[in-house]
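> Using my numbering, read the sequence shown as starting at 746 and increasing by one per residue. C-beta atoms are modelled at their ideal positions from N, C-alpha and C, and glycine is treated no differently.
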Amino acid sequence: MSSQYRNKTESIVKKILLLSWLLSFTATCFTHTNTTITILGTGYVGLVTGACLADISPNNTKVICADIDEKKIRHLNNNHIPIYEKDLEEIVTRNISRETLLFTYNIPMAIQQADIVIIAVGTPTNNDGVSDLSYFKSALKTIAQNLTETTKIIVIKSTVPIGTCNKIPAILDRYNVSPKSYKIVFNPEFLREGTAVQDFMNTDRIVIGTKSKKAIECMKMLYQPFIDKQIPFIVTDPTSAEIVKYASNNFLALKLSFINEIANLCDATNGDIATITQAVGLDPRINPHFLQPGPGFGGSCLPKDTLALTTIAKKYKVPLQTIDAAIKANKYQKKLSLKKLKTIMPNIEGKTVAILGLAFKADTDDIRYSPAIPLIKKLVKQKTKIKVYDPAAMENMKHIFPDITYCSTSYDAIKESDALIILTDWQEFKQLDIEKISTLMSEKIIVDMRNILSTKEMNTFLFRYATIGNHQY
Ligand code: UDX
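In structure tokens:
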């Protein structure tokens, strides 16, 4: 059989299997025993949510992850996970073989068969703080075109501007959809990249924003394993649920900008940030989490949600001065690694600078709003030679900076460098052999923006070592 013919046959067989599989689950969560959940969007949120829901649900619940990106779906069907996320591959593989999880780019069919449709598409914020809802609206349009007689529950997981859920009926109305054919729920996610599976499985709360009793019952069914474990299940109106999402991320941003500024004060006054965060964090009103100073917060959520919330607040003429300040402080923080380097090495032109950590934090390959980006831009402008290493994010960074040197290990990056800047706290960076580094570097200068190395060891090997918040140990 020629490979072309075999591929075609395999593709037809796959389509028939998909169709028969889907047709066997055409139920609602109320009137039938089988339930089908369709997730639109297989990004970080959609993929993790889909895989985890499949994993916690009984065998008669099926999850279909749908995406317009055919290539991505083909990869997923071949067990190739397009993102770096701990434990995700294992869960996907397990649920594909349990036949509780399926990937498709046939979006109309996936919607038609669903009892619950979860929208998890991206809602990026532009530089003016306005959320781009084009993917979201396009998902709504496709849902509208594929609604059936049985009422579908439309669950919004994408972060949307306050008031969006209340506008959905008017949007769907444009497609002559019966209001009886759907119910709207806003159900924010609180997943951190890198620990998203763990965060889903150990969630501390479930928030449901809806005006529909039927939707509440359906959501209870979806999250039953968590309700059984007494996890708080908070039901509110859609607008309040939308604000919960923004308030959570904005509070986290505030907390980080605050501790970063306290760390900068420690640098100036010889205070010790580690002791301070420990002592302050012991107050249960503050708590010790999310109190580590760093090179400024990045990622797909905190930078965009702070900007979006202040933009929304301006529209309502409500001052959000604390968040404005957190954004401003974060901009300053992202300049700090270079400032610290220049304090030790004022003239960096022609020098070789190694950077460890390109993603916005450890345990992810995501470089969105990463502090590494403005740093590399500035180093390029100032004509330094840049050598970088990251365990997961180098391929992504190559799209932005194709011409810097990508190394295959930390030591390769460090070798013959005049200075080293550490931006993320990957476990392997914490275990670096300092004695070895001291022999590899041309000049022994380290700027450690995560305080992961030992100051005492740095002194032993005569490094000039800059930390954040005067790290002492
Ligand atoms: C965040 C929220 O935590 C999550 O609830 C939401 O759903 C999405 O946004 P994420 O962006 O994945 O998650 O990363 P997170 O772990 O929260 O870190 C955000 C930024 O803060 C990173 O740049 C990280 O390096 C920084 N950070 C975090 C610190 O500098 N110090 C800390 O103590 C914690």
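With 16 other CB atoms within 10 Å as the buried threshold, where does A1074 fall?
Its Cβ being crowded by 16 or more others within 10 Å, A1074 is buried.
> Between the alpha carbons of L767 and E894, how many angstroms are there, rounded?
The predicted model places L767 with a pLDDT of 47, which falls under 50 and marks its position as unreliable; any figure quoted below should be read in that light. Approximately 17 Å between the Cα atoms of the pair.
> Determine the closest residue to I898 out of K925, L1103, P1048 and S1115, with distance taken between C-alpha atoms.
Nearest of K925, L1103, P1048 and S1115 to I898, Cα basis: K925.
> Taking Cβ to Cβ, would you say A1107 is nearer than 7 Å to T1022?
For A1107 and T1022, no; Cβs fall outside 7 Å.
> Consider the C-beta atom of L1047 and the heavy atoms of ligand 1; say whether any pair is separated by less than 6 Å.
Checking every heavy atom of ligand 1 against the Cβ of L1047, one is found closer than 6 Å.
> Count the other C-beta atoms from every protein chain shown that fall within 10 angstroms of the C-beta of H1144, then say buried if there are 16 or more, exposed otherwise.
Per the 10 Å Cβ criterion, exposed.
> Return yes when at least one heavy atom of ligand 1 lies under 6 Å from the C-beta of F1042, else no.
Checking the Cβ of F1042 against ligand 1 gives yes.
> Exposed or buried, V793, counting other C-beta atoms within 10 Å across all chains shown (16 or more means buried)?
Classification for V793: buried.
> With C-beta atoms as the reference, is K1079 less than 7 Å away from G1041?
Closer than 7 Å, so yes.
> Report the start-end ranges of each beta strand (DSSP E) in the segment 1148–1206 that is 3 residues or longer and not cut off at the edges.
Taking only runs of at least 3 residues, the beta strand (DSSP E) segments lying wholly in the segment 1148–1206 are 1164–1167 and 1190–1193.
> What is the DSSP secondary structure of Y927, counted as helix, strand or coil?
Y927 falls in the strand class under three-state DSSP.
> Can you give me the C-alpha to C-alpha distance between S1115 and T896, rounded to a whole angstrom?
Approximately 42 Å, taken between the alpha carbons.
> Below 7 Å between beta carbons: does that hold for L878 and T887?
Contact flag unset, no.
> Could you check what DSSP says for F935 in three-state terms: helix, strand or coil?
Of the three classes helix, strand and coil, the one that applies to F935 here is coil, per DSSP.
> May I have the straight-line CA-CA distance separating R950 from I979, to the nearest angstrom?
Between R950 and I979, the C-alpha separation is close to 7 Å.
> Can you confirm whether the segment 1083–1092 touches the segment 910–919 when touching is taken to mean that 3 or more C-beta pairs between the two stretches lie within less than 8 Å?
Too few Cβ pairs lie closer than 8 Å, so no.
> Going by DSSP, name the residue or residues bridged to R1209.
R1209 pairs with I1190.
> At a cut-off of 6 Å, is K1106 close to ligand 1 when judged by its beta-carbon and the heavy atoms of the ligand?
At least one heavy atom of ligand 1 is nearer than 6 Å to the Cβ of K1106, so yes.
> Verify the contact flag: F1035, CB atom, against every heavy atom of ligand 1, threshold strictly below 6 Å.
Yes.
> To which residues of the same chain is L1207 closer than 7 Å at the C-beta, ignoring the five residues directly before and after it?
Same-chain partners within the cutoff: K1189.
> According to DSSP, which residues form a beta bridge with Y1134?
Looking at the DSSP assignment, Y1134 forms a beta bridge with L1101.
> So, are the CB atoms of I809 and L833 less than 7 Å apart?
Against a cut-off of 7 Å, the Cβ pair of L833 and I809 comes out as no contact.
> Any chance the segment 1004–1015 sits against the segment 961–969, with 3 or more Cβ pairs inside 8 Å?
No: the two stretches stay apart, fewer than three of their Cβ pairs being nearer than 8 Å.
> Given a cut-off of 7 Å on the beta-carbon distance, is the pair L999 and T1067 in contact?
Cβ distance < 7 Å, so L999 and T1067 count as in contact.
> Given 6 Å as the limit, tell me if E938 has its C-beta closer than that to any heavy atom belonging to ligand 1.
Yes, ligand 1 has a heavy atom inside 6 Å of this Cβ.
> Let me check one thing: in DSSP terms, what residues is A865 bridge-paired to?
A865 is not bridged to any residue.
> Where do the N-terminal and C-terminal ends of the beta strand (DSSP E) with L846 fall, by residue?
Its beta strand (DSSP E) spans residues L846 to T849.
> Under the assumption that S903 contacts F881 (Cβ atoms under 8 Å), give the Cβ distance between them as a whole number of angstroms.
Yes, S903 and F881 are in contact; Cβ-Cβ is about 6 Å, under 8 Å.
> Look at the alpha carbon of I807 and the alpha carbon of T787, and state the distance between them as a whole number of angstroms.
The sequence given here places Lys at residue 807; Ile does not occur at that position. Their backbone Cα atoms lie some 16 Å apart in a straight line.
> Can at least three beta-carbon pairs, one atom from the segment 797–804 and one from the segment 977–991, be found at a separation below 8 Å?
Flag = no, the segment 797–804 and the segment 977–991 do not touch.
> Once the 5 residues before and after C1011 are set aside, which same chain residues still bring their CB inside 6 Å of it?
Within the same chain, C1011 has close Cβ partners I1018, G1214 and N1215.
> Is it the case that the CB of G1102 approaches a heavy atom of ligand 1 more closely than 6 Å?
Because no heavy atom of ligand 1 lies under 6 Å away, the Cβ of G1102 does not count as near it: no.
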